[in-house]
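Participant: In this text, residue positions in the sequence shown follow the numbering used here: the first is 106, and each later residue adds one. Glycine included, every Cβ here is placed at the ideal spot set by N, Cα and C. Please read these numbers as outputs of a predicted model, since none were measured by experiment.
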Amino acid sequence: MAKQRKQSKPAPSRRENTPTPKQKRQELVKATLIALAAALVLRQFVIASYNVPTGSMKDTILIGDFMFVNKFVYGAQTPSWIGIPFTCTGFQVPFLRFPAIVEPEPGEIVVFEYPLNPCQNYIKRCIAAGGQQVEVRGDTVWIDNHLEGKMEVLSRKYDMNEITPYGPLQVQYTRITRPDGKTYVLRHYVKTDSRFKNLIPLSRIKRYRITDEVLQRLHQAGIPRTMLQPLETLKGRFIVGEEYFRFQLRKLYGLEPDQPDARFDRNWVYISKFSEVNDPVIVPPDHFFMMGDNRDNSLDSRAWGFVSRDQIVGKPLVIWFSWNSHGRGIFDKVRWERLGSIVR
Numbered sequence: 106m107a108k109q110r111k112q113s114k115p116a117p118s119r120r121e122n123t124p125t126p127k128q129k130r131q132e133l134v135k136a137t138l139i140a141l142a143a144a145l146v147l148r149q150f151v152i153a154s155y156n157v158p159t160g161s162m163k164d165t166i167l168i169g170d171f172m173f174v175n176k177f178v179y180g181a182q183t184p185s186w187i188g189i190p191f192t193c194t195g196f197q198v199p200f201l202r203f204p205a206i207v208e209p210e211p212g213e214i215v216v217f218e219y220p221l222n223p224c225q226n227y228i229k230r231c232i233a234a235g236g237q238q239v240e241v242r243g244d245t246v247w248i249d250n251h252l253e254g255k256m257e258v259l260s261r262k263y264d265m266n267e268i269t270p271y272g273p274l275q276v277q278y279t280r281i282t283r284p285d286g287k288t289y290v291l292r293h294y295v296k297t298d299s300r301f302k303n304l305i306p307l308s309r310i311k312r313y314r315i316t317d318e319v320l321q322r323l324h325q326a327g328i329p330r331t332m333l334q335p336l337e338t339l340k341g342r343f344i345v346g347e348e349y350f351r352f353q354l355r356k357l358y359g360l361e362p363d364q365p366d367a368r369f370d371r372n373w374v375y376i377s378k379f380s381e382v383n384d385p386v387i388v389p390p391d392h393f394f395m396m397g398d399n400r401d402n403s404l405d406s407r408a409w410g411f412v413s414r415d416q417i418v419g420k421p422l423v424i425w426f427s428w429n430s431h432g433r434g435i436f437d438k439v440r441w442e443r444l445g446s447i448v449r
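1) Can you tell me whether R407 is helix, strand or coil according to DSSP?
2) Closer than 8 Å by C-beta to T123: which residues in its own chain qualify, once you throw out the five before and the five after it? Chain order, please.
3) My output table needs one value for I435: the three-state DSSP class, helix, strand or coil.
4) Can you tell me which residues form a DSSP beta bridge with W247?
5) By the 10 Å Cβ neighbour count, where 16 or more other Cβ atoms means buried, how is E450 classified, buried or exposed?
6) Could you tell me which residues DSSP puts in a beta bridge with E257?
7) On the three-state DSSP scale, how would you describe F200?
8) Got a sec, what are the start and stop residues for the beta strand (DSSP E) R292 sits in?
9) For L274, does the three-state DSSP call read helix, strand or coil?
10) Of the choices L201, P211, R440, whose alpha-carbon is the least far from that of W425?
11) Thinking V158 and V412 are a contact (beta carbons under 8 Å), I'd like their distance in whole angstroms, please.
12) Looking only at C-alpha atoms, which of R148, T288, K262 sits nearest to Y294?
13) Does the Cβ of L147 have 16 or more other Cβ atoms within 10 Å, making it buried, or fewer, making it exposed?
14) In whole angstroms, give me the CA-to-CA distance for T137 and N226.
15) I need the DSSP call for K176, collapsed to helix, strand or coil.
16) Cβ of P390 within 7 Å of Cβ of G235?
17) Nearest CA to the CA of V418: which residue from F171, I214, R242?
18) Is there contact here, the segment 386–404 with the segment 155–169, by at least three beta-carbon pairs under 8 Å?
19) Reducing DSSP to helix, strand and coil, say where I156 ends up.
20) Just to confirm, are G256 and P421 a CB contact at a threshold of 7 Å?
21) Quick one: what does DSSP say R230 is sitting in, helix, strand or coil?
22) Going straight from the alpha carbon of I228 to that of K129, what length do you get?
23) Name the DSSP beta bridge partners of K420, please?
24) Hey, quick one: how far does the beta strand (DSSP E) through V452 stretch, first residue to last?
25) N122 by DSSP, collapsed to three states: which one?
26) Ignore the nearest five residues each way along the sequence and tell me which others in N290's own chain have a CB closer than 8 Å to its CB.
27) Is the CB-CB distance between V174 and Y155 below 7 Å?
28) CB-CB under 8 Å to T194, same chain, minus the five flanking residues each way: which ones, in chain order?
29) Using a threshold of 7 Å, state whether the C-beta atoms of C231 and F393 are closer than that.
30) Could you work out which residue in T125, Q149, R242 is closest to D384 when comparing CA atoms only?
31) Within 10 Å of its beta-carbon, does G445 have 16 or more other beta-carbons around it, so buried, or fewer, so exposed?
32) Mind checking whether W409 and G169 have CB atoms under 7 Å apart?
33) Roughly how many angstroms separate the alpha carbons of T125 and I139, rounded to a whole number?
34) So, F196 versus Q182, is the Cβ gap smaller than 7 Å?
35) Would you please state the rounded distance, in angstroms, between the beta carbons of R292 and G212? I believe it to be under 8 Å.
36) I'd like the span of the beta strand (DSSP E) that includes V216, first residue to last.
Here you go:
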């Protein structure tokens, strides 16, 4: 008796192999979710992109620089804040930090959470670590009773992007060579007068409204004046060319903030805190003292104190894009020479 041949199953038709529109949508959604999850994990724990909105690190890092930041080298952490994306509305939550490969060292540029507002990231240079003594004497910084490093004046020039009512500011560039071999360039204003120091743009603080009567007296240099400021107290001196007068901003109850009819629109204001508080300070354990390379135009540890280890975000690696808003055309607005620059 002949063996019966086994009947093979018919090959599936091309129509059966073709996914349905529903299956295509499901696969697309699945792939999108996987890619999104991978991107979020990568940004949280490995590498992220940050842009620089201020000039506190000028000329090392410029306004408009976009850079990649290594987040795992100092120990990545789980989210410490939950809230509405792209806003500061939320609350702090317990977090876990993974072991660090290395610790931040003095002389390195570090990205960290702004101590006064954790939803903002700042970038500065680490000047001292826990246990070290820091003293600021004019334009020099002393660490453990030694200069920050060997100082070498490179050049002086006028910065046409920083123009006061009395002309452009002259800046000096100084190379610092630390004892450990790290080098970087600092930027200072050239002080032709000992009172002209430690300036920050008034726009970085607030605009102050004053009455016409007070406005007429502003030219009387050296006479104390009170200006209306509804939120906080601020003391210092205002520079008018080679002369200055003292001022004090404080709350005045019974007056509406919009009642004054004149505006105080000077470009620069003197902050005495930087230059008068020169006592040496000891950096607490697990904290760091941060300063900007643009020493006379940087709000840093001289103003708001130390940065804790838990506030460290990462280490900048490379500038992948740089945008100059003052450029004349689209081509000129891109700083092509900075693309791919290593941050150090």
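Facilitator: Looking at the coordinates:
1) helix
2) none
3) helix
4) E240, L252
5) Because the chain spans 106 through 449 in this model, residue 450 falls outside it and cannot be assessed.
6) R280
7) coil
8) 288–294
9) strand
10) R440
11) Looking at the sequence itself, residue 158 is Pro, so the reference to Val does not match. In fact, because the Cβ distance is near 18 Å, the residues do not count as touching under 8 Å.
12) K262
13) exposed
14) 29 Å
15) coil
16) yes
17) I214
18) yes
19) Rather than Ile, the amino acid found at residue 156 in this sequence is Asn. Note: N156 maps to strand in three-state DSSP.
20) In the sequence under discussion, the amino acid at residue 256 is Met, which differs from the Gly named in the question. The answer is no: Cβ separation not under 7 Å.
21) strand
22) 45 Å
23) N175
24) In the structure as shown, the chain begins at 106 and stops at 449. Residue 452 is therefore absent and cannot be evaluated.
25) helix
26) At residue 290 the sequence reads Val, which differs from the Asn that was named. The answer, listed in chain order, is D164, T165, L259, Y278, T279, R280, I281, D398.
27) yes
28) G188
29) yes
30) R242
31) exposed
32) no
33) 21 Å
34) no
35) No, R292 and G212 are not in contact; Cβ-Cβ is about 17 Å, not under 8 Å.
36) 214–219
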